[in-house]
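The block underneath contains the structure these notes are about, expressed in structure tokens.
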Amino acid sequence: MKKLLILSIMVAFVAIACSKSDSGTTTPTPGTGGTTLNCTTIDSRFTAVVFPIIQNSCGAVGCHNTGSVNGPGALTNYTQIKAAAAQIKSSVESGTMPKNGALTTAQKNAISCWVSSGGLNN
């Protein structure tokens with residue numbers, strides 16, 4: 001009986017532990033006051049998704065191109081963008097960036113998920 005009780009407790013513990021989300025796959029949804037975004041369903045690859053958003057929304061308008069001293073400076077390559085990732089995420093989620101225009105919800109989600117997943121150069 002004692003073994004059965006211990007086994008039941010262990011099974012319950014494993015079930016609870018396995019039901020928790022991986023911290024790298026969720027992030028607060030931008031602009032929603034804390035609801036969670038499931039990043040496993042968001043394409044947040046740097047080269048294919050995030051970099052083009054930043055090139056078109058941040059660098060193309062002259063705010064963060066080569067030689068920029070605005071905010072984190074130039075955002076023209078992976079190294080610069082990775083170094084400013086937390087600041088970019090915060091600015092995008094709060095809606096303060098980009099100054100000249102707006103990002104779609106999908107674009108904001110891609111940037112948030114990319115940063116939350118470690119800002120990989122993928």
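Mapping to the numbering used here: the sequence shown position 60 is 60, numbers consecutive.
All C-beta atoms, glycine included, are put in the ideal place defined by N, C-alpha and C.
Bear in mind that the values here come from a model prediction, so they are computed numbers and not experimental data.
Contact check, residue i vs residue j, beta carbons under 9 Å
| i | j | result |
| --- | --- | --- |
| Ile81 | Val49 | no |
| Phe46 | Asn122 | yes |
| Cys58 | Ser112 | no |
| Ile88 | Ile42 | no |
From the options, residue whose alpha carbon lies closest to that of residue i
| i | options | result |
| --- | --- | --- |
| Ser116 | Thr66, Ala86 and Thr47 | Ala86 |
| Ser90 | Asn100, Tyr78, Pro52 and Gly71 | Gly71 |
| Gly62 | Leu37, Asn100 and Gly95 | Asn100 |
Counted within 10 angstroms of its Cβ, other Cβ atoms place residue i as buried (16 or more) or exposed
| i | result |
| --- | --- |
| Leu120 | exposed |
| Ser44 | buried |
| Pro98 | buried |
| Ala84 | buried |
| Ala106 | exposed |
| Ala102 | exposed |
| Val92 | buried |
Beta-carbon separation (whole angstroms), residue i vs residue j, contact threshold 8 Å
| i | j | result |
| --- | --- | --- |
| Thr79 | Thr66 | The pair is not a contact, with the Cβ atoms about 13 Å apart (cut-off 8 Å). |
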